[in-house]
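Here is the structure we will look at, set down as structure tokens.
Residue numbers (UniProt numbering): 1 to 92.
Right, here's the structure in full:
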């Protein structure tokens with residue numbers, strides 16, 4: 001599907017009533033899964049910045065910032081922010 005078509009569909013999905021409603025998500029995750037989740041979010045944001053034509057490419061800057069904040073919050077709550085930063089420094 002062409003980029004324009006995907007953008008129209010994505011915009012339509014985000015316009016559905018109720019998509020702006022806040023929801024409470026209660027998760028019980030292992031620390032290793034939190035680490036993987038945060039890396040997946042960061043990679044998705046990074047790929048979007050490169051223009052890899054992902055759905056996240058059509059998300060607003062605000063939504064992308066919220067995802068980045070979510071990744072950071074998950075790491076903080078799991079107590080592994082420092083570990084994550086050290087692992088990133090090994091890879092870079």
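All C-beta atoms, glycine included, are put in the ideal place defined by N, C-alpha and C.
Are the stretch 11-24 and the stretch 67-86 in contact at 8 Å, needing three or more beta carbon pairs? no
Quick one: what does DSSP say residue 29 is sitting in, helix, strand or coil? coil
Same chain only: Cβ atoms within 7 Å of residue 4, ignoring 5 sequence neighbours per side: So no residue of the chain qualifies.
Alpha carbon of residue 6 to alpha carbon of residue 55, nearest angstrom: 8 Å
Assigned exposure category for residue 38 - 16 Cβ within 10 Å defines buried: buried
Where does the unbroken alpha helix (DSSP H) through residue 9 begin, and where does it stop? 3-14
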